[in-house]
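Residue numbers (this note's numbering), protein chains in the order written: chain A, 1 to 242; chain P, 243 to 484.
2 protein chains.
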Amino acid sequence: MKIAILGTGAGARQHATRLSTLGHEVIVGTRVPEATLARTEPDMMGTEPFAAYLSTRPGLALTTFAEAAEAGEMVINGIDGANAVTALSALPASALAGKTLIDYSVPYVYQQPGDAEHPWPTPWGEMPRLDPVDTDSLAERIQRALPSTNVVKTFVTQEQETVVNPSEFADGDHTMFLAGDHDDAKSAARRLLNAYGWNDLVDLGPLAAARALEMYAHFHTAVGLALGGRFGVKIVRGGSLR
Amino acid sequence: MKIAILGTGAGARQHATRLSTLGHEVIVGTRVPEATLARTEPDMMGTEPFAAYLSTRPGLALTTFAEAAEAGEMVINGIDGANAVTALSALPASALAGKTLIDYSVPYVYQQPGDAEHPWPTPWGEMPRLDPVDTDSLAERIQRALPSTNVVKTFVTQEQETVVNPSEFADGDHTMFLAGDHDDAKSAARRLLNAYGWNDLVDLGPLAAARALEMYAHFHTAVGLALGGRFGVKIVRGGSLR
Numbered sequence: 001m002k003i004a005i006l007g008t009g010a011g012a013r014q015h016a017t018r019l020s021t022l023g024h025e026v027i028v029g030t031r032v033p034e035a036t037l038a039r040t041e042p043d044m045m046g047t048e049p050f051a052a053y054l055s056t057r058p059g060l061a062l063t064t065f066a067e068a069a070e071a072g073e074m075v076i077n078g079i080d081g082a083n084a085v086t087a088l089s090a091l092p093a094s095a096l097a098g099k100t101l102i103d104y105s106v107p108y109v110y111q112q113p114g115d116a117e118h119p120w121p122t123p124w125g126e127m128p129r130l131d132p133v134d135t136d137s138l139a140e141r142i143q144r145a146l147p148s149t150n151v152v153k154t155f156v157t158q159e160q161e162t163v164v165n166p167s168e169f170a171d172g173d174h175t176m177f178l179a180g181d182h183d184d185a186k187s188a189a190r191r192l193l194n195a196y197g198w199n200d201l202v203d204l205g206p207l208a209a210a211r212a213l214e215m216y217a218h219f220h221t222a223v224g225l226a227l228g229g230r231f232g233v234k235i236v237r238g239g240s241l242r
Numbered sequence: 243m244k245i246a247i248l249g250t251g252a253g254a255r256q257h258a259t260r261l262s263t264l265g266h267e268v269i270v271g272t273r274v275p276e277a278t279l280a281r282t283e284p285d286m287m288g289t290e291p292f293a294a295y296l297s298t299r300p301g302l303a304l305t306t307f308a309e310a311a312e313a314g315e316m317v318i319n320g321i322d323g324a325n326a327v328t329a330l331s332a333l334p335a336s337a338l339a340g341k342t343l344i345d346y347s348v349p350y351v352y353q354q355p356g357d358a359e360h361p362w363p364t365p366w367g368e369m370p371r372l373d374p375v376d377t378d379s380l381a382e383r384i385q386r387a388l389p390s391t392n393v394v395k396t397f398v399t400q401e402q403e404t405v406v407n408p409s410e411f412a413d414g415d416h417t418m419f420l421a422g423d424h425d426d427a428k429s430a431a432r433r434l435l436n437a438y439g440w441n442d443l444v445d446l447g448p449l450a451a452a453r454a455l456e457m458y459a460h461f462h463t464a465v466g467l468a469l470g471g472r473f474g475v476k477i478v479r480g481g482s483l484r
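Below, the structure written as structure tokens:
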């Protein structure tokens, strides 16, 4: 399948590498490909320049957001949460209409150090606040901005390194979640998750449940800081389930 | 140990019953004991009148919030989130000073049906919004209101029925979380959790991590609705942990 990945960060690269390995044709989209390829220093997260990443993966292509989305039969949104709605809304309508868009972005608001109203870092780590939060979600905003696209929220409860390789923990016996208003799109997302190695999927229902998944970000960070490393979450079903 | 439980709802009763079984002296506090005992109908959650509950448990005592807190060596806050800070702040300073206060309340704001700004129920269930959320937590508000008390946030990621009996799922092999700024109080909470049957505890660090635990409420609800019943969450440690 032709799969477009929008974004060139570390998470997006995890999907690009893994999907290529699984035999998919991967097209990576970025705002300005020339600018992305011109960077020669690691980014603020310490991720190597994209050109260096791309140079060892001849099967991958880098182009604009619009061309990547246009080419993809399915699209994965790895654009950062603060810019996702604006960037996706700017695409030609044909690029995303009728397609499954898998969104894993978190709507972090990165404050500056010294912001008195929202101290950064917070007491339990470098945790930005979320916007939207609680009564709306970034996934719903994207869906409202792209009414002809079928948005699925998933991947968001894990580092993308774990998302594409769940078997690194407990033989992969932990749980991934998804939410969306379009059953066909969720089925497509499930097939992708199964291919990554996920066997325990919990469908949380409509896209409004993306609020729960995005708000889970702080919990994930807090547990990661407490354990000092990565981890999985397994939903343990009880005998009293109906 | 003398343990005070503030609140008479279904969750508070789970703790009262279980702690009595474990041999503790339990004192339940309510705003106006006479009013609590006068109720003869189930509450809006379908919970039986407290007098009926109490009549079959002769070891339990019901008194005011103030007298219960005064008598308790440890205090569990089961007052609903919307009223907890006000009710706790109204207690005499001596009632809670120097004591461990375990807080499991969720700061739900119960909208009325038809509230246009915050529809209720939300699309994934009867889920009220949270206040505070994201950049503050109810537990921190309680701690700020009671600076001489040692607040621990825990229990909040589970129904209290599961909190007091974790072994109903997977032989109890799932995870409970706690957060707080006072190590002695967290040790006391850990002993209580161990007595309930919890063996896998993750200390999320300072009380600010209560934000993560309170925001987890929507995730818990969404998963519960998806599964159609109760469940546990197990943190699966990875081999790549430091």
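C-beta atoms are modelled at their ideal positions from N, C-alpha and C, and glycine is treated no differently. Model, not experiment: these values are computed from the prediction.
Contact with chain P by GLU168 of chain A, beta-carbon distance below 9 Å: Taking Cβ atoms only, chain P reaches closer than 9 Å to GLU168 of chain A, which makes this a yes.
Under 7 Å by beta carbon: chain P residues contacting ILE235 of chain A: Chain P residues near ILE235 of chain A: VAL465, PHE473, VAL475.
Separation of PHE219 of chain A from GLY480 of chain P, as counted between CA atoms: Going from the Cα of GLY480 of chain P to the Cα of PHE219 of chain A covers about 17 Å.
CB-CB length for GLY249 of chain P against GLN402 of chain P, believed under 8 Å: No, GLY249 of chain P and GLN402 of chain P are not in contact; Cβ-Cβ is about 10 Å, not under 8 Å.
Any C-beta of chain P under 9 Å from that of ALA209 of chain A: Judged by the 9 Å Cβ criterion, ALA209 of chain A is in contact with chain P.
Opening and closing residue of the beta strand (DSSP E) in which GLU159 of chain A lies: Run containing GLU159 of chain A: none; DSSP gives neither H nor E here.
Secondary structure of MET215 of chain A, DSSP reduced to three states: In this structure, MET215 of chain A counts as helix in the three-state DSSP scheme.
Local conformation of VAL223 of chain A per DSSP, three classes: Judged by DSSP in its simplified three-state form, VAL223 of chain A adopts helix.
Under 8 Å from the C-beta of GLY78 of chain A: neighbouring residues of chain P: GLY78 of chain A does not reach chain P, its nearest Cβ partner there being about 22 Å away, counting only Cβ pairs nearer than 8 Å.
Any C-beta of chain A under 9 Å from that of ARG484 of chain P: Bear in mind that a pLDDT of 34 at ARG484 of chain P, under 50, signals an unreliable position, so the number given afterwards is only what the model happens to contain. Judged by the 9 Å Cβ criterion, ARG484 of chain P is in contact with chain A.
N-terminal and C-terminal residue of the beta strand (DSSP E) that GLY18 of chain A is part of: Checking the displayed sequence, the identity of residue 18 of chain A turns out to be Arg instead of Gly. First-last for ARG18 of chain A: 10-21, but that is the alpha helix (DSSP H), not the beta strand (DSSP E).
Every unbroken beta strand (DSSP E) within the segment 65-93 of chain A, with a cutoff of 3 residues, ordered by chain: Runs of the beta strand (DSSP E) inside the segment 65-93 of chain A: 74-77.
9 Å Cβ cutoff, GLY205 of chain A in contact with chain P: Residue contact with chain P for GLY205 of chain A: present (Cβ-Cβ distance below 9 Å to some residue of chain P).
Test item: CB-CB of THR100 of chain A and THR149 of chain A under 9 Å: In this structure, THR100 of chain A places its C-beta atom within 9 Å of the C-beta atom of THR149 of chain A.
Exposed unless 16 or more other CB atoms sit within 10 angstroms - verdict on GLY232 of chain A: Residue environment analysis places GLY232 of chain A among the buried positions, since at least 16 neighbouring C-beta atoms fall within 10 angstroms of its C-beta.
Simplified DSSP assignment, three categories, for LEU101 of chain A: Three-state DSSP puts LEU101 of chain A in a strand.
Touch test, the segment 368-384 of chain P against the segment 439-446 of chain P, Cβ-Cβ under 8 Å, three pairs minimum: Segments in contact, no.
Pick from P:ALA459, P:GLY251, P:THR417 that is closest to MET528 of chain P, judged by C-alpha positions: Outside the shown range of chain P, which is 243 to 484, sits residue 528 of chain P, and nothing can be said about it.
Local conformation of PHE292 of chain P per DSSP, three classes: The three-state secondary structure of PHE292 of chain P, taken from DSSP, is helix.
Those residues which DSSP pairs with GLY180 of chain A across a bridge: DSSP lists A:VAL152 as partners of GLY180 of chain A.
Option in A:ARG57, A:ALA210, A:PHE50 with minimal Cα separation from ARG102 of chain A: Note that residue 102 of chain A corresponds to Ile in the displayed sequence, not to Arg. Check the Cα spacing between ILE102 of chain A and each of A:ARG57, A:ALA210, A:PHE50: the tightest is with A:ALA210.
Cβ separation of PRO49 of chain A and GLU41 of chain A, assumed to be a contact under 8 Å, to the nearest whole Å: PRO49 of chain A to GLU41 of chain A, Cβ: 7 Å. Contact.
Backbone CA spacing between GLY229 of chain A and ASN165 of chain A [nearest angstrom]: Those two C-alpha atoms are separated by around 16 Å.
LEU248 of chain P: first and last residue of the uninterrupted alpha helix (DSSP H) it sits in: Membership of LEU248 of chain P in any alpha helix (DSSP H) is not indicated; the residue belongs instead to the beta strand (DSSP E) covering 244-248.
Beta strand (DSSP E) segment containing GLU276 of chain P, residue limits: Note, GLU276 of chain P: premise wrong, no beta strand (DSSP E); alpha helix (DSSP H) at 275-280.
Spatial distance of ILE435 of chain P from GLU312 of chain P (CA atoms): One point to set straight first is that residue 435 of chain P is Leu, not Ile, in the sequence displayed. One C-alpha to the other measures close to 23 Å.
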